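Student: Below: one structure in structure tokens.
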Amino acid sequence: MNFKEELINHVDEIEAIIKQYLPHEAGFQKTVLGAMNYSILAGGKRIRPMLMQETYRLFGGKEDVIKPFMAAIEMIHTYSLVHDDLPAMDNDEYRRGRKTTHAIYGEAMGILAGDGLLNLAFETAARAFDISIEYERIARALRLLSVKAGAFGMIGGQSVDIENDGKQIERDTLDFIYRLKTGALIEASMMIGAVLAGASQEDIGKVEKIAENVGLAFQIQDDILDVTSTLEVLGKPIHSDEKNHKITYVTIEGLDKAKEDVEKITNNARDLLNGLNFENMFLDKLIEMLITREK
Ligand code: GRG
């Protein structure tokens, strides 16, 4: 099996795990449950649960305890996208090639679907206590999930991003935004994998550093793709960063340096990964793929 086939199999496996934890669309609140399912089942690369599972495997993890956390991280990621697309934030009508949640269900239901997914994420992650008696590891993983998704993680990054919208920001502000807005959930994904597999404190610290690099490379690559792949709006091709008037790594450093830096940062992550006393070839290839991806 080549890497691409392996990747497809992994995504299929992850989709099946996520579906296991989704609500049935029944009862008086079936509209919000439908909106939650609509948003999480819209596709997506499932990179965060994949990084989590592969980091768990890297440190020898073989149990089902990782599964509720894999679903939970994708629920949190999805809620962040649903809220990011709202009129009060990016006001986007399309994502992943289909209508955004609020465009279908209305703004109020978009807010509630995001809130519903965030709460469901913690309810789901807490199910790990029914699967394993490694209570201390699970509690540490839950804490990581809350911190990295919260005001000292993704929400903090998004807030600084919103506050600086349309302003001429410097590299240090951009770095802060990227580290938190994009990086924090990637750090949570990989660190939770390590924690649940029982990795040492020293190795968990190394994983945080690897994930920080992966998150940064991933976001810069996203900026590059924004420039190199065009969107059609009203029949006219435009670049998505042009649409949002955003300052990005590419607008500050230029396209060539951005490409160079993605490669450097990714290689740094891979060197750190290969310096551990554990090996996971698939994880290494997955990280490499982040710089060659085209969406
Ligand atoms: C609203 C609290 C709150 C946070 C929003 C994730 C986010 C923070 C905003 C989305 C906008 C954006 C470009 C964020 C950077 C992270 C990023 C590249 C998200 C897209 O993740 P992918 O590419 O998406 O993994 P898929 O669709 O594949 O799941």
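With my numbering as the guide, the letters of the sequence shown map in order to residues -3 to 291.
Quick reminder that beta carbons are idealized off the backbone N, C-alpha and C, glycines included.
All of these numbers come straight from a predicted model, not from anything done at the bench.
Excluding five sequence neighbours on each side, which residues of the same chain lie with their C-beta closer than 8 Å to the C-beta of Ser196?
Tutor: Result list for Ser196: empty, nothing under 8 Å.
Student: Does any residue of chain B bring its CB to less than 7 Å from the CB of Lys255?
Tutor: The structure shown contains no chain B; it holds only a single protein chain.
Student: So Thr97 and Gly106 are in contact, right, with Cβ under 8 Å, and what is the actual spacing, rounded?
Tutor: That pair is a contact at about 5 Å.
Student: Which whole-angstrom value is the C-beta distance of Leu47 and Leu282, which I expect to be below 8 Å?
Tutor: Yes, Leu47 and Leu282 are in contact; Cβ-Cβ is about 7 Å, under 8 Å.
Student: Just to confirm, does Lys177 get its C-beta within under 6 Å of one of the non-hydrogen atoms of the ligand GRG?
Tutor: Yes, since a heavy atom of the ligand GRG falls inside the 6 Å radius drawn around the Cβ of Lys177.
Student: Name the residue from Asp252, Ala190 and Ile10 whose alpha carbon lies nearest to the alpha carbon of Ile216.
Tutor: Of the listed residues, the one whose Cα sits closest to Ile216 is Asp252.
Student: Are Arg44 and Leu221 close, meaning C-beta to C-beta below 7 Å?
Tutor: Cβ atoms of Arg44 and Leu221: not closer than 7 Å.
Student: Judging by CA-CA distance, which residue of Lys177, Asp257 and Ala213 is the nearest neighbour of Met150?
Tutor: Minimum Cα distance to Met150 is reached at Lys177.
Student: Leu301 lies in the alpha helix (DSSP H); which residues open and close that run?
Tutor: Nothing can be reported for residue 301: it is not among the residues displayed for the chain, which extend from -3 to 291.
Student: Given a threshold of 16 other Cβ atoms within 10 Å of its Cβ, counted over all protein chains shown, does Gly23 qualify as buried or as exposed?
Tutor: Counting Cβ neighbours within 10 Å, Gly23 comes out exposed, since fewer than 16 surround it.
Student: Considering just the uninterrupted stretch of the alpha helix (DSSP H) at Pro45, what are its terminal residues?
Tutor: Unbroken alpha helix (DSSP H) run through Pro45: Ile43 to Leu54.
Student: Under 6 Å: does the beta carbon of Arg92 sit that close to some heavy atom of the ligand GRG?
Tutor: Under cutoff, so the answer is yes.
Student: For Ile158, which residues in the same chain have their Cβ closer than 8 Å to its Cβ, ignoring the five residues on either side in sequence?
Tutor: Answer for Ile158: Met85, listed in chain order.
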